[in-house]
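Structure record follows, encoded as structure tokens.
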Ligand SMILES: Cc1ncc(COP(=O)(O)O)c(C=O)c1O
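Numbering (the working numbering), first residue to last: 761 to 1124.
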């Protein structure tokens, strides 16, 4: 079986270095918000080219805490893409603000900048862009719209660690950015972890406090904060893995290019890269097919595991039953047709060639 993703193989490449890191962490005797978190925050800020990195518990918290720190809440609106993973939308709802859904572009799967302005009202406070599947959004246009309407730009970088747009990395393309280090991400921990990056000094100082009970100094609370700290041990492991992120992304790009060059079945729609090659870090390689479920079954019969990102659009989720009557035809089409092929930094080229060969025979 060609697995969709082999997390064990991904992590065991660094077993010795990671075990060393765990041993150092254990011997440090300091297990929460210690040197490992500080070291990772500094390294990741430098990697993204941003001034600050604030480690938090997970990607959802990273998004939600940015919104909270910007004091966006009841009565405010935040623009989000209608085909994103539910977490982006939940982060707005969690703060009592209203997510305003905007359709994506069918070719990039990212928010369609041409549809943003018509959704802006006097209550709009921010545009949340999601660099979905690993490709950066059209940031020039989006930042221009945000500036014109005095809106914050929040990046959801959960799927785009290391992606580049106009020589800048994701995480440094708006006002603040949220990362998830969930194990399957391009930079994945061995548990839950997340971070915010920003160049905004006052936002950063506020977030350093909010993630830790609203406190800069023990037992002095200036905000009604939360406990959403980046786990010290996860930070030590992330520092090891960060060193290999560029190499891993290159391997993903090599596989993606092979798929793009050699899959030539007219029944399959391949993904498009809109900017420079580095603008896509191929967290997922997502194709579309009219009869997606039959394609998935066919691939499984040939020992190729695939996944669907995502089967149900957010506005059709029970949790958002109030949106049940809304129509987002592009999102609905995407959710009906997408299928993610195996891609990872440990995938063997023999397996990549097999996927191409099998998929090219589909329907013949
Ligand atoms: C686009 C997107 N945003 C946010 C998240 C939330 O991250 P986490 O699972 O770390 O809370 C994810 C991860 O699953 C994601 O894919």
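C-beta atoms are modelled at their ideal positions from N, C-alpha and C, and glycine is treated no differently.
Count the other CB atoms, across all protein chains shown, that sit within 10 Å of the CB of residue i; report buried if there are 16 or more and exposed otherwise.
i	result
residue 1009	buried
residue 830	buried
residue 783	exposed
residue 919	buried
residue 1042	buried
residue 822	buried
residue 1085	exposed
residue 775	exposed
residue 873	buried
residue 1007	exposed
residue 820	buried
residue 940	buried
Just to confirm, is the Cβ distance from residue i to residue j under 8 Å?
i	j	result
residue 770	residue 1111	no
residue 914	residue 826	yes
residue 990	residue 953	yes
residue 1002	residue 949	no
residue 813	residue 805	yes
residue 946	residue 1005	yes
residue 808	residue 974	no
residue 923	residue 896	yes
residue 995	residue 792	no
residue 951	residue 767	no
residue 961	residue 935	no
residue 1122	residue 1060	no
residue 1025	residue 1120	yes
Since residue i and residue j should fall inside the 8 Å C-beta cutoff, what is the C-beta to C-beta distance between them, to a whole number of angstroms?
i	j	result
residue 838	residue 885	6 Å
residue 1070	residue 845	6 Å
residue 1091	residue 864	7 Å
residue 1035	residue 925	6 Å
residue 1046	residue 1115	At roughly 14 Å, the Cβ-Cβ gap does not stay under 8 Å, so residue 1046 and residue 1115 are not in contact.
residue 964	residue 982	With a Cβ gap of about 15 Å, residue 964 and residue 982 do not count as contacting.
Starting from the C-beta of residue i, find all residues in its chain whose C-beta is less than 7 Å away, skip the five residues before and the five after it, and write them out in chain order.
i	result
residue 859	838, 840, 849, 852, 853
residue 1032	867, 868
residue 785	796, 992, 993, 996
residue 967	814, 825, 829, 956
By Cβ distance, which residues of its chain are closer than 8 Å to residue i, with the 5 residues on each side in sequence left out?
i	result
residue 795	788
residue 1088	842, 843, 861, 863, 1073, 1075
residue 876	839, 862, 887, 902, 905
Give the DSSP-derived three-state secondary structure of residue i in the structure shown.
i	result
residue 767	helix
residue 925	strand
residue 968	helix
residue 901	helix
residue 772	helix
residue 881	coil
residue 984	coil
residue 1008	helix
residue 871	strand
residue 948	coil
Going by beta carbon distance, what residues of the same chain come within less than 6 Å of residue i, once the five residues before and after it are set aside?
i	result
residue 1083	1075
residue 1044	893, 1069, 1100
residue 1102	762, 764
residue 1000	774, 777, 778, 781
residue 857	832, 833, 836, 838
residue 899	925, 933
residue 800	995, 998, 999
residue 811	959
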